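Counted the way this note's numbering counts, the sequence shown spans residues 25 to 161. Below is one structure, written out as structure tokens; the observations come after it.
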Amino acid sequence: MALKSYHHAWLTTHPDRTAEWLQDKLREGFDVHHLDGNHLNNDAGNLVLIEHVDHMRLHGMRNSNRLRMIQTRGRPRSSGKWKTMTIGREAYNARTAGRTWVETGKFVGVRPSRAMSSAKVYAVAEGKPWPAARNLR
Numbered sequence: 025m026a027l028k029s030y031h032h033a034w035l036t037t038h039p040d041r042t043a044e045w046l047q048d049k050l051r052e053g054f055d056v057h058h059l060d061g062n063h064l065n066n067d068a069g070n071l072v073l074i075e076h077v078d079h080m081r082l083h084g085m086r087n088s089n090r091l092r093m094i095q096t097r098g099r100p101r102s103s104g105k106w107k108t109m110t111i112g113r114e115a116y117n118a119r120t121a122g123r124t125w126v127e128t129g130k131f132v133g134v135r136p137s138r139a140m141s142s143a144k145v146y147a148v149a150e151g152k153p154w155p156a157a158r159n160l161r
């Protein structure tokens, strides 16, 4: 595995680590993350070594379409209705499982009011009972 320029930049601030050590860590599931999000900024102070899973969590909000494409077998869905129904299904299930609207919103990644309106659209479209909104907290 060839190291990239930012890998070498990270190594400059870690003189106790070798290129071979870093390559082993990368194979084990670690990534070098740019703290400011700018992949052109390879300043050593902008780079940290983190686990791949945590790296994907950090970037997951920006790449939510990847998950949706996997869930739809690679067919991208650009329809606003499809997005509302997907959020609605997740919000409806979270809410009926006993979560508050605030918790539900955080769970599906939208504001509580959007979670509630999407859940209602989903419930009506699917003929499911609509749970009463207990609160927006």
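Where is the CB? At the ideal position from N, CA and C, for every residue including glycine. Nothing here was measured: the structure is a model prediction, and the numbers come from that model.
Close beta carbons around residue i, own chain, < 7 Å, minus the five adjacent residues each side
i          : result
residue 68 : 33, 34, 36, 37
Segment limits, alpha helix (DSSP H) that includes residue i
i          : result
residue 31 : 29 to 36
Simplified DSSP assignment, three categories, for residue i
i           : result
residue 132 : helix
residue 50  : helix
Counted within 10 angstroms of its Cβ, other Cβ atoms place residue i as buried (16 or more) or exposed
i           : result
residue 63  : exposed
residue 46  : buried
residue 149 : exposed
residue 43  : exposed
Extent of the continuous beta strand (DSSP E) to which residue i belongs
i          : result
residue 55 : 54 to 58
residue 64 : Segment: none, residue 64 is in no beta strand (DSSP E) and carries neither H nor E.
Proximity of residue i and residue j at Cβ, strictly below 8 Å
i           : j           : result
residue 51  : residue 80  : no
residue 59  : residue 72  : yes
residue 112 : residue 142 : yes
residue 66  : residue 29  : yes
Sequence-distant residues of the same chain with beta carbon closer than 6 Å to residue i, five excluded per side
i           : result
residue 57  : 72, 74, 79
residue 128 : 115, 118, 119, 139
residue 131 : 118
Heavy atom of the ligand ATP within 7 Å of residue i beta-carbon
i           : result
residue 131 : Judged by which ligands are present, the structure shown has none, so any question about the ligand ATP falls away.
Own chain residues within Cβ distance below 8 Å of residue i, not counting five before or after
i           : result
residue 145 : 108, 109, 112
residue 54  : 73, 74, 75, 76
residue 39  : none
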